[in-house]
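Taking the working numbering, the leading residue of the sequence shown gets 274, the next gets one more, and so forth.
Where is the CB? At the ideal position from N, CA and C, for every residue including glycine.
Notes to accompany the following structure.
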Amino acid sequence: LRQNAEPDIVILLVGNKIDLVEKDPSARQVTTEEATAFAKQNGLFFAEASAVSSVNVKFIFEKLLQGKCAVFSHRDHSDRLVRNL
Numbered sequence: 274l275r276q277n278a279e280p281d282i283v284i285l286l287v288g289n290k291i292d293l294v295e296k297d298p299s300a301r302q303v304t305t306e307e308a309t310a311f312a313k314q315n316g317l318f319f320a321e322a323s324a325v326s327s328v329n330v331k332f333i334f335e336k337l338l339q340g341k342c343a344v345f346s347h348r349d350h351s352d353r354l355v356r357n358l
């Protein structure tokens, strides 16, 4: 993504299916700490979510939109905004 997208791309790393981990902690493949560290090292937002239980789904979309809006508010993208939507 970083090689082919705009330099100010907003990337969100999402650990999905946390509802399964809540039921069975041994089902976790990556610890929250590992994912958080990876996200921090790579300049990503990170959140865990569950589409089944709706945990953090709205938050993730809001975070993504906030990040994208912040990028547009700092630069004049009026001509690119229409193309990117």
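query = If we ignore side chains and look at the alpha-carbon of each, how far apart do Asn329 and Ala312 end up?
reply = CA-CA distance, Asn329 to Ala312, rounds to 17 Å.
task = Spatial neighbours of Ala308 within its chain, please: CB distance less than 7 Å, with the 5 preceding and 5 following residues excluded, ordered by chain position.
result = The residues are Leu286, Gly288 and Phe319.
task = Give me whichever residues DSSP pairs with Gly316 in a beta bridge.
result = Here Gly316 is not bridged, per DSSP, to any residue.
ask   = So the alpha helix (DSSP H) Val294 belongs to, where does it begin and stop?
value = Per DSSP, the unbroken alpha helix (DSSP H) holding Val294 starts and ends at Ile291 to Lys296.
message = Could you pull the DSSP bridge partners for Ser323 from this structure?
response = Beta bridge pairing from DSSP links Ser323 with Val328.
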